[in-house]
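>
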Amino acid sequence: MAYKPTNGLGETLNGRQPAIEKESPSLLLNVEVELTEAERAATPNRIMETKISFKVNGQPHTITTDPARPLLDVLREDLHLTGTKYGCGEGQCRACTVLADGQSIASCTTSMSEIENQSIITIEGLAQGNELHPVQQAFLDEEAFQCGYCTVGMIMEAVDLLRADPHLAKTDVQARMQRHICRCGTYPKILKAIRRAAV
Ligand code: FES
Ligand code: FES
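Going by the numbering used here, the first residue of the sequence shown is number 24, and it counts up by one from there.
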C-alpha cells in the first residue's frame, strides 16, 4: 500500500514533505491511501449488508443493513422511534439508553450485530395503553425534568435499576444515575422520582 502525502486541500505533494509537518506532526494523519490493483480487488466498495432479526417493543423486525450500524440509527431512522435521543454518540451521556433483553444499554455504541435476536424496549414501549409505566408517572409527579432531553435515557435506566432491585436495597442509585448527563441539573428530582417509583 503506498501513501501520498497531501497538503490538506486534496493536492498531492509529489514526494515533498507536507509544510505542516514541522508545525503539527499530528496533522500528518491527513494522507490519501492509494491502493494497489490487488488491494483494490480485495476491498469491496460496498458495505456487506446482513439480515438481522430482533424485536422492538414486542414487534418482530427483520432488516437488511450494515451489521456495524448503531442500533440508535435503526430505531430513529428506520423504525421512526424518535423517543430515544442522540446526545454524544460515544457512550458518554446515556441519552440513548434502551433495554436489550431487559438490561439498559447505550444504543449509540451498540451495533446491530450485537442485538440480533434480542428484545429491545424503547420509551415508546413502556406504557400499557393509556397507563404510564410507574417510573414515567413518578418522573411526571416529581417534575423530574427541565428541557427533557436526558429524560428518556434516565427513565429507561431507572426501569432496569428497579427491575433488578425493586426496593433499592442494594443499589447506590446516585452512583448508577451519575453515568447519565443532565445538562439542566435536575439530578435531585430525578433521584426523588426513582425513589418514589420504588415499591
Ligand atoms: S448518545 Fe449514546 S451515550 Fe450519548
Ligand atoms: S432535563 Fe435537560 S438535560 Fe436533563
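Even for Gly, the Cβ is constructed at its ideal location relative to N, Cα and C. Since we're looking at a predicted model, the values are computed, not measured.
(1) Sorry if obvious, but does the Cβ on glutamine 197 come closer than 7 angstroms to a heavy atom of ligand 2?
(2) Excluding the five sequence neighbours on either side, which residues of its own chain have a C-beta within less than 8 angstroms of the C-beta of aspartate 164, listed in chain order?
(3) Given a cut-off of 8 angstroms on the beta-carbon distance, is the pair histidine 145 and glycine 106 in contact?
(4) Say yes only if the C-beta of glutamate 165 is nearer than 7 angstroms to one or more non-hydrogen atoms of ligand 1, and no if none qualify.
(5) With DSSP as the reference, please indicate the residues paired to glutamine 82 in a beta bridge.
(6) Quick one: any contact between the segment 75-92 and the segment 170-190, if contact means 3 or more CB pairs under 8 angstroms?
(7) Can you tell me which of the three DSSP states serine 136 falls into?
(8) Given 8 angstroms as the limit, is there contact between the segment 130-149 and the segment 88-108, that is, 3 or more CB pairs closer than that?
(9) How many Å lie between lysine 212 and phenylalanine 168 at the Cα?
(10) Here's the rule: buried if 16 or more other CB atoms are within 10 angstroms of the residue's CB, otherwise exposed. What is threonine 85?
(11) By DSSP, does serine 127 sit in helix, in strand, or in coil?
(12) Pair every Cβ in the segment 144-162 with every Cβ in the segment 197-204, then say whether three or more of these pairs are closer than 8 angstroms.
(13) Buried or exposed for arginine 186, going by 16 or more other Cβ atoms inside 10 Å?
(14) Using CA atoms only, rank isn't needed, just tell me which of Val196, Gln160, Glu180 is closest to alanine 118.
(15) Could you check where the alpha helix (DSSP H) with isoleucine 217 kicks off and where it finishes?
(16) Between isoleucine 75 and glutamate 139, which are expected to be in contact by the criterion C-beta below 8 angstroms, what is the C-beta distance as a whole number of angstroms?
(17) Return no unless some Cβ of chain B is closer than 8 angstroms to the Cβ of cysteine 119.
(18) For the alpha helix (DSSP H) that contains isoleucine 178, what are its first and last residues?
(19) Between Pro93, Gln141, Val182, Cys131, which lies nearest to leucine 155 when the distance is taken from Cα to Cα?
Judging by the given coordinates:
(1) Look at glutamine 197: its beta carbon is at least 7 angstroms from all of the heavy atoms in ligand 2.
(2) Ala216, Arg219
(3) Inspection of the sequence shows that residue 145 is occupied by threonine rather than by histidine. Yes; because the gap between Cβ atoms is below 8 angstroms, this pair is in contact.
(4) Residue side-chain check: glutamate 165 keeps its Cβ at 7 angstroms or more from all non-hydrogen atoms of ligand 1.
(5) Val79
(6) no
(7) helix
(8) yes
(9) 8 angstroms
(10) exposed
(11) strand
(12) no
(13) exposed
(14) Glu180
(15) 210-220
(16) That pair is a contact at about 5 angstroms.
(17) Checking the listed chains, one finds no chain B in this structure; it contains a single protein chain.
(18) 174-187
(19) Val182
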